[in-house]
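Residue numbers (our numbering), protein chains in the order written: chain A, 3 to 356; chain B, 4 to 348.
Positions of the beta carbon are idealized from the N, C-alpha and C atoms, including for glycine.
Quick look at the structure:
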């Protein structure tokens, strides 16, 4: 009934909505409808003083903003007005100090994707794997309690790996060198033997039958060969001068002698090269690194307990021996007191053979 | 540790896990999600998968083929289907986080009915945790509603709030950040719909669905006689003939249909007023009570309650979002350590 009328009135007179206070709007509407203030108050279940306050824009009676806005809306609805108009007027008057920040629902149409989650998991796993790898590398490089520079770890790894096979050829070379040396020796002695033979052929010939008959004597001779070159030359001369039937035997003997001489000579050669050999016996696990005079790393690696090794090189040696109390070192046949050289962390760093 | 990391990329949320609608308030952004609490489940063999959630699922309600069931996992304000609630929450939480790179792990404040039992609260807490929440806070719904409506809950003055939700109606008298008296009745918007459905079946011999009943309530429902008469055309299946029929309902009929349900709400409010301490009762008589929740949108409900109680009745502004907004404000107060409204159990 009056609903539409009142709305028309307000729309017809825009100046009232533009500047009027909410109280004025409400009071004008109530007077237009001819409703007494007490009736309005009774209908709203409010005290007449409160309703009067609303109409006079005096909100002493209503300290809480939420109630204030609520009463204004109830009153506007009761009078058949659009409550938004009244609230807007109130808002304009109060300066929006007690307005609530209203938010409209934001539509998020995008469906949740699983790709992101998978990517995250993948990246996390990669990062964890990388961290583990770095830790393992660091731990390995730290095995000898000496953390080397980060850049050197990889080269060290390869050096470590290549050091093992490199040792073997070196040993092989040694043995071949030994054999070539002995054979060379043999060759070298043989011509001299020949001269000897020619000079003392008669003597040899005289002795030959008896000597060749008695194998023991040969053995005894063989022993004497080892002691002196002249001895060998004489036996060689003997064998050379021996009968053709017994040539085989003597050849056999010669090879035997050679092999004997081989092993004996290498053994004998050791004391000669002993000057530059380091003998290491590991009773406990230890990380050891040895540099020689040319600053070449000649030995490196984590050694397992119960192994021993000898290292050859050019002195002076620069050594780093981890877990020094568990390692025995002999240099030039003398025991080197490692624990005495070890530092606080049981790592011995020193130079030998200066 | 992982959750904490993801938490850096998540915003705090306040969730109004209602029977009818779920609203999510994001700290610093406001309400970003308002969707029906409906989940459509597709059953293929023994496998159950979520077909749709929210608005899409609600459209399916009552219109699904055999292998899809559209269900409302919340009933009477509490969880009826735990796993489905968890999945629904998970979906909503993901939806409000724009970043898809990280699975969000926010701090979550969830509103619970004030009369809910420990078991029901635990179920809500665990389903929020299962949905990826880093930390879960619970707040009683009427408290959140009062904060959302802008009532002075921290003052030594009684404030009365009536939150009529989808499944429950919560009535509480609040003073000094605490609930002095609270009552929760399992009557709400859903009961209105059921009452309308029952009325139509009784008087028109026709069956109407949930969605239709809701539409009738929204368009012509009213709680107090004397307003203008409104009409609506609806179609339902005639029980006698077995074929769909169209008929017209008016607001007086709906008022009649809702009488009983409205009566129980009014009775609960009266009983709350009877139980309130005299000082607080006088405060309430002076300032009145505030209606929040979707039920407050029923036309002239404030008039009915004002008439029945003789108190000033205010419908809160934007009553549907009051609880979520209140929860959001509470969330902002969590870090100030001066807030004792949150229940820890």
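Asked, Found
"Residue 16/B beta carbon less than 8 angstroms from that of residue 27/B", "yes"
"Where the alpha helix (DSSP H) containing residue 63/B begins and where it ends", "58-63"
"Contact set between residue 66/A and chain B, taken where Cβ atoms lie within less than 8 angstroms", "153, 154, 155 and 290"
"Amino acids of chain A, ordered along the chain, whose beta-carbon sits closer than 7 angstroms to that of residue 313/B", "47"
"Contact set for residue 312/B: own chain, Cβ-Cβ below 8 angstroms, skip 5 residues either direction", "269, 272, 273, 276 and 292"
"Close Cβ partners of residue 325/A (< 7 angstroms) along its chain, the five nearest in sequence each way excluded", "286, 287, 288 and 348"
"When 46/B, 286/B, 50/B and 154/B are compared against residue 403/B, the one with the closest alpha-carbon", "Because chain B spans 4 through 348 in this model, residue 403/B falls outside it and cannot be assessed."
"Residue span of the alpha helix (DSSP H) that contains residue 160/B, given as start and end", "It is not in any alpha helix (DSSP H) - residue 160/B carries neither H nor E in the DSSP assignment."
"Residue 110/B: first and last residue of the uninterrupted alpha helix (DSSP H) it sits in", "Residue 110/B -> not in any alpha helix (DSSP H); beta strand (DSSP E) instead, spanning 110-115."
"8 angstroms Cβ cutoff, residue 54/B in contact with chain A", "no"
"Distance, residue 84/A Cα to residue 191/B Cα", "28 angstroms"
"Alpha carbon of residue 120/A to alpha carbon of residue 74/B, nearest angstrom", "30 angstroms"
"Residue 251/B versus 44/B, 206/B, 84/B and 336/B, residue with shortest Cα-Cα distance", "206/B"
"Bridge-paired residues (DSSP) for residue 354/A", "319/A"
"DSSP three-state assignment for residue 24/A, whether helix, strand or coil", "helix"
"For residue 48/A, three-class secondary structure by DSSP", "coil"
"Chain A contact for residue 164/B (CB, 8 angstroms cutoff)", "no"
"Other residues of its chain near residue 42/A: CB distance less than 8 angstroms, five sequence neighbours each side excluded", "32, 53, 77, 80 and 81"
"Status (buried if at least 16 other CB within 10 Å, exposed otherwise) for residue 163/B", "buried"
"Whether residue 130/B touches residue 92/B by CB criterion (8 angstroms)", "yes"
"Contact check, residue 141/B vs residue 18/B, beta carbons under 8 angstroms", "no"
"Spatial distance of residue 97/A from residue 67/A (CA atoms)", "13 angstroms"
"Candidates 45/A, 88/A and 34/A: closest to residue 59/A by CA position", "88/A"
"Proximal chain A residues relative to residue 317/B, where beta-carbon distance stays under 9 angstroms", "68, 69, 71, 72, 73, 75 and 76"
"The region 150-163 of chain B touching the region 214-230 of chain B, judged by at least three CB pairs closer than 8 angstroms", "no"
"Residue 121/B versus residue 60/B: straight-line alpha-carbon distance, rounded", "30 angstroms"
"Distance CB(residue 98/B)-CB(residue 22/B) smaller than 8 angstroms", "no"
"Inter-residue spacing [alpha-carbon to alpha-carbon] between residue 107/B and residue 40/B", "21 angstroms"
"Residues that residue 95/B bridges to, as DSSP identifies them", "Looking at the DSSP assignment, residue 95/B forms no beta bridge with any residue, so it has no partner."
"With 16 other Cβ atoms within 10 Å as the buried cut-off, status of residue 333/B", "buried"
"Residue 377/B, DSSP secondary structure in three states", "The structure shown does not extend to residue 377/B, since chain B is modelled only from 4 to 348, so the question has no answer here."
"Span separating the alpha-carbon of residue 141/A from that of residue 346/A", "20 angstroms"
"Whole-number beta carbon distance between residue 63/B and residue 43/B, since they are thought to touch under 8 angstroms", "5 angstroms"
"Backbone CA spacing between residue 174/B and residue 144/B [nearest angstrom]", "10 angstroms"
"Given residue 171/B as reference, the closest of 160/B, 158/B, 328/B and 186/B once Cα atoms are compared", "186/B"
"DSSP-derived helix/strand/coil call for residue 296/A", "coil"
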